[in-house]
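For the record, the sequence lines run as chains A and B. FYI, in my numbering the residues of the first sequence are 1 to 166. FYI, in my numbering the residues of the second sequence are 167 to 422. The beta-carbon is built from N, C-alpha and C at its ideal position, and this holds for glycine as well.
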Amino acid sequence: MFNKTLILLALGGFAVGAIAEDMEVVGNVQSKCVVTPDTAGVFGNPSPDKLDTDPSSGGVDPIVRYDVIQASYYKARISHPNSFSESPALNDVVNWTGDTATSQVSDTGMSGYDAAKIEYDNVTEFALTVAGSTWFKTETLAEYGYGKAFPAGVYRAVVTAECIAI
Amino acid sequence: MTQILPQQLGLQVNSVIYQYTTLKDPNSDMLVHVQNENARGPGYIFRETDDWSGLAGNTINKAVPVGLIDISYWGDGSIVVEGEGEVTDAYVAYGYQYTPCEDPQSDPECPGYVDMTAPLPENVVVDDGSQYIQDELDRKANLRDQKEEEERLEKERVEKEKEEEIKESLEELLGSINTDLLNQQARVLHNALVATNYLPRNYFEMIQGGYYPDAVMLKDKRLPDSKQGLRVGLASELKHKQLVDLQYGQPTKEEQ
C-alpha cells in the first residue's frame with residue numbers, strides 16, 4: 001500500500017514537469033518609407049473639352065514626396081487618374097492620359113529614376129534606390145468625348161501614391 | 167552674410183537647405199559646389215558638392231545639417247559649377263537657432279537683466295569709480311607721507327650721528343688736553359712730596375690682590391647681661407624715683 005502511494009506521487013510530479021508555456025514575442029516595425037502629399041493638383045480648363053493639370057494650361061501638377069530612410073527596399077507606385085471621383089453627370093467617354101516624373105530630388109543619384117521607371121496602364125513605378133526625399137509630379141489630361149465640352153460643375157480626380165516594399 | 171542672417175548674438179546655423187535646377191546633357195560631366203567661405207580663416211565653413219556627371223538634369227532640393235556653427239564663421243556664399251551644364255533657379259536657406267538670453271539685456275525676461283531706467287533706491291552709493299580713485303589717491307598720499315617721514319628720520323639720524331661724532335671728537339680733544347695737564351701737575355706734586363719725604367713708605371708698596379676674609383669672628387651664641395650694668399641701671403632708677411617724688415611733694419624715703 002505504501003509503495004503504491006509513492007508511485008502515484010512520483011507520477012504526479014512528472015506530470016507537473018511536463019507543462020508547457022507559450023511566451024509572446026512582440027515587435028513593432030515602422031515603415032522606412034513615408035509618403036507625403038506636397039502640392040495639391042488643380043485642373044486647368046484650356047479648352048471646353050479639356051481638363052489639364054499642366055501649368056501651361058492653367059493647372060497645377062499634384063506633387064507627392066517620398067521619404068526613404070533605407071535605400072533599395074521600396075518602390076513608389078503612382079497612379080494617375082482614369083476617372084473622376086466627383087463630377088457632373090457625363091454621358092460621353094473621357095479619355096485619360098497622364099505622366100509621372102521626378103520633380104525634385106535630394107540626391108543627384110535620384111535623377112536616374114525617370115530613366116528607369118516602369119509604366120503600365122495608368123501606373124508608374126519607381127525603384128527607390130537612393131535614400132532621401134524624392135518629389136514626383138503627375139500630369140493628368142482628361143478629354144471629353146470627341147471635342148465635346150465638359151458640363152459645368154466641379155470635377156475631382158484622385159492620384160494614388162503608394163510605397164511598396166520590394 | 168551680414169545681409170542674410172540676423173546679426174544676433176549667440177546665433178548658430180544648424181542646417182543649410184538649398185535647391186537648384188540643372189540644365190545639362192545627360193552624358194556630360196558636371197559638378198556643382200554649394201559653399202560658404204570661412205569668415206574667420208581660410209577655406210570654407212560649408213561646402214556641399216553634387217555630382218551630376220552622367221545624369222540627366224533635375225531639380226535638387228537638399229537639406230544638409232551642419233551642427234551648430236556660430237554666425238561669425240559664415241562668410242560669403244556661392245554656387246560654383248565645374249564641367250558642362252548650367253544651374254538655374256537656385257535657392258539657399260539657412261536654418262539657425264539662437265539663445266535669446268545670450269545677452270541678458272536683450273530681453274527683460276532674461277535672468278540677469280538690469281533695468282537701466284529704473285530709479286535708484288535711496289541710500290545706495292553709486293560706484294562710479296570715484297571711490298576707487300579717491301582710495302588710490304589716498305594710498306599714494308600715504309606712501310608719499312611715509313617716504314617723507316622715512317627720509318626725515320634718516321636725515322635726523324645722520325645729523326645725530328654727525329653731532330655725536332663731533333661731540334666725541336671734541337671730548338677726545340679736550341680730554342687729551344686735560345689729561346696731559348693733570349698728569350703734569352700730579353707729577354710735580356708727587357715729586358715735591360717725595361722730596362719732602364711726606365709720603366709714608368707703604369704708599370709705594372704694592373698690596374697683594376685677592377680675597378681678604380674678615381679676621382674678627384664672634385663665636386658666642388648668647389650674650390649674658392652685664393651685672394655691673396644692672397647695678398648701674400638700678401641706681402639710676404632709684405634716683406629717678408626720688409626726683410619724681412620730690413616733684414609731687416611726697417616725702418622721700420630718707421625723709422620718712
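Contact list for residue i against chain B, beta-carbon separation under 9 Å
{"i": "residue 114 of chain A", "result": "222, 224"}
{"i": "residue 106 of chain A", "result": "226, 227, 228, 229"}
{"i": "residue 102 of chain A", "result": "224, 225"}
Pick from the options that is closest to residue i, judged by C-alpha positions
{"i": "residue 228 of chain B", "options": "A:81, A:72, A:131, A:91", "result": "A:131"}
{"i": "residue 114 of chain A", "options": "A:121, A:36, A:46, A:135", "result": "A:135"}
{"i": "residue 187 of chain B", "options": "A:147, A:98, A:102", "result": "A:102"}
{"i": "residue 220 of chain B", "options": "A:111, A:48, A:106, A:44", "result": "A:111"}
{"i": "residue 177 of chain B", "options": "B:258, B:183, B:266", "result": "B:266"}
{"i": "residue 120 of chain A", "options": "A:20, A:72, A:100", "result": "A:100"}
{"i": "residue 195 of chain A", "options": "A:94, A:77, A:39", "result": "In the structure as shown, chain A starts at 1 and stops at 166, and residue 195 of chain A therefore has no counterpart that could be examined."}
{"i": "residue 195 of chain B", "options": "B:314, B:302, B:183, B:223", "result": "B:223"}
{"i": "residue 122 of chain A", "options": "A:51, A:148, A:59, A:98", "result": "A:98"}
{"i": "residue 218 of chain B", "options": "B:250, B:298, B:233", "result": "B:250"}
{"i": "residue 244 of chain B", "options": "B:201, B:179, B:233, B:257", "result": "B:201"}
{"i": "residue 230 of chain B", "options": "B:236, B:261, B:254", "result": "B:261"}
{"i": "residue 76 of chain A", "options": "A:116, A:50, A:125", "result": "A:125"}
{"i": "residue 152 of chain A", "options": "A:50, A:59, A:30, A:62", "result": "A:50"}
{"i": "residue 147 of chain A", "options": "A:92, A:30, A:59", "result": "A:92"}
Contacting residues, own chain, Cβ-Cβ under 7 Å from residue i (five flanking each side not counted)
{"i": "residue 68 of chain A", "result": "32, 33, 74, 128, 131, 132"}
{"i": "residue 105 of chain A", "result": "111, 134"}
{"i": "residue 5 of chain A", "result": "Residue confidence is low: residue 5 of chain A scores 42 on pLDDT, short of 50, so the model does not pin down where it sits. No coordinate-derived value is stated."}
{"i": "residue 7 of chain A", "result": "Caution is warranted here: a pLDDT of 41 is assigned to residue 7 of chain A, below 50, making its placement in the model unreliable, and the coordinate value is therefore given only provisionally. For residue 7 of chain A, where only same-chain residues beyond five positions count, there are no Cβ hits under 7 Å."}
{"i": "residue 172 of chain A", "result": "An answer regarding residue 172 of chain A cannot be provided, because it is not within the stretch 1 to 166 covered by chain A."}
{"i": "residue 15 of chain A", "result": "With a pLDDT of 47 at residue 15 of chain A, under the threshold of 50, the modelled position of that residue is not reliable, and the figure given next carries that caveat. So no residue of the chain qualifies."}
{"i": "residue 1 of chain A", "result": "In this prediction, residue 1 of chain A has a pLDDT of 39, which is less than 50 and means its spatial position is unreliable; what the coordinates show is noted afterwards. Cβ neighbours of residue 1 of chain A beyond the five flanking positions: none."}
Other residues of its chain near residue i: CB distance less than 8 Å, five sequence neighbours each side excluded
{"i": "residue 280 of chain B", "result": "270, 271"}
{"i": "residue 277 of chain B", "result": "267, 270"}
{"i": "residue 204 of chain B", "result": "210, 211, 239, 241"}
{"i": "residue 81 of chain A", "result": "96, 98, 122, 140, 142, 157, 158, 159"}
{"i": "residue 259 of chain B", "result": "182, 183, 184"}
Proximal chain B residues relative to residue i, where beta-carbon distance stays under 8 Å
{"i": "residue 111 of chain A", "result": "218, 221, 222, 223, 224"}
Cut-off 6 Å between Cβ atoms - residues of its own chain near residue i, not counting five sequence neighbours on either side
{"i": "residue 225 of chain B", "result": "187"}
{"i": "residue 37 of chain A", "result": "64"}
{"i": "residue 13 of chain A", "result": "Since pLDDT at residue 13 of chain A reaches only 44, below the 50 mark, its modelled position is unreliable, and the value read off the structure follows with that caveat. Correct list: empty, nothing qualifies."}
For residue i: DSSP bridge partner residues
{"i": "residue 38 of chain A", "result": "Answer by DSSP bridge pairing: none, since residue 38 of chain A is not bridged."}
{"i": "residue 215 of chain B", "result": "B:199"}
{"i": "residue 204 of chain B", "result": "B:240"}
{"i": "residue 272 of chain B", "result": "Residue 272 of chain B pairs with nothing; no bridge assigned."}
{"i": "residue 136 of chain A", "result": "A:64, A:102"}
Flag this pair as touching only if the region 171 to 190 of chain B and the region 138 to 145 of chain A have three or more C-beta atom pairs under 8 Å; answer yes or no. No, because fewer than three Cβ pairs between the region 171 to 190 of chain B and the region 138 to 145 of chain A fall closer than 8 Å, the two stretches do not touch.
Would you be able to state if there are at least three C-beta pairs under 8 Å between the region 155 to 164 of chain A and the region 17 to 26 of chain A? No: the two stretches stay apart, fewer than three of their Cβ pairs being nearer than 8 Å.
Count the C-beta pairs between the region 76 to 96 of chain A and the region 203 to 212 of chain B that are closer than 8 Å, then say yes if the count reaches three, no if not. No, because fewer than three Cβ pairs between the region 76 to 96 of chain A and the region 203 to 212 of chain B fall closer than 8 Å, the two stretches do not touch.
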